[in-house]
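Student: Numbering (my numbering), first residue to last: 485 to 604. Here it is, the structure in full.
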């Protein structure tokens with residue numbers, strides 16, 4: 485009963501009025517942002533700085549990676565290629581806490597190079 489009450493009080497609509505009952509298990513949402521004429525190092529550094537300071541709403545927490553206990557892992561030395569000419573440069577993860585500080589959402593971030601731009 486207590487867990488039901490906690491889940492009902494965890495979020496306020498309009499942001500949380502569509503409950504997900506574990507349909508995905510992981511990574512339900514996928515978003516690609518194309519940034520022309522921006523290098524991957526600039527994006528990774530900006531994300532690292534912003535997320536380590538709590539992000540735009542102060543509820544983000546940057547998670548350590550195996551390669552970097554303070555944020556994004558630099559994967560450029562490994563030359564990891566993806567389809568379409570993309571090359572993986574940085575990998576990071578953050579936790580975002582809900583407004584009522586009840587739940588955490590995991591945000592996985594991949595910063596890739598594509599020609600003269602970056603894909604996040």
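Glycine included, every Cβ here is placed at the ideal spot set by N, Cα and C.
1. What residue range does the beta strand (DSSP E) around residue 586 cover?
2. Can you say whether residue 584 is buried or exposed, counting buried as having 16 or more other CB atoms within 10 angstroms of its CB?
3. Since residue 532 is in the beta strand (DSSP E), which residue starts that stretch and which ends it?
4. Comparing alpha-carbon positions, which option in 602, 595, 514, 599 lies nearest residue 558?
5. Based on DSSP bridge pairs, tell me the residues matched to residue 558.
6. For residue 601, which residues does DSSP report across the bridge?
7. What is the rounded straight-line gap between the Cα of residue 549 and the Cα of residue 592?
8. Applying the 10 Å Cβ sphere with the 16-neighbour rule, what's the burial state of residue 588?
Tutor: Let's see:
1. Counted as a single uninterrupted DSSP element, the stretch harbouring residue 586 is not any beta strand (DSSP E), since DSSP gives it neither H nor E.
2. So residue 584 ends up on the exposed side.
3. Counting along the chain, residue 532 falls outside any beta strand (DSSP E), though it belongs to the alpha helix (DSSP H) covering 524-536.
4. When only C-alpha atoms are compared, the closest one is 595.
5. Secondary-structure assignment with DSSP links residue 558 through a beta bridge to 574.
6. Its beta-bridge partners are 520, 598.
7. Between residue 549 and residue 592, the C-alpha separation is close to 11 Å.
8. With fewer than 16 other CB atoms across the displayed protein chains lying within 10 angstroms of its CB, residue 588 is exposed.
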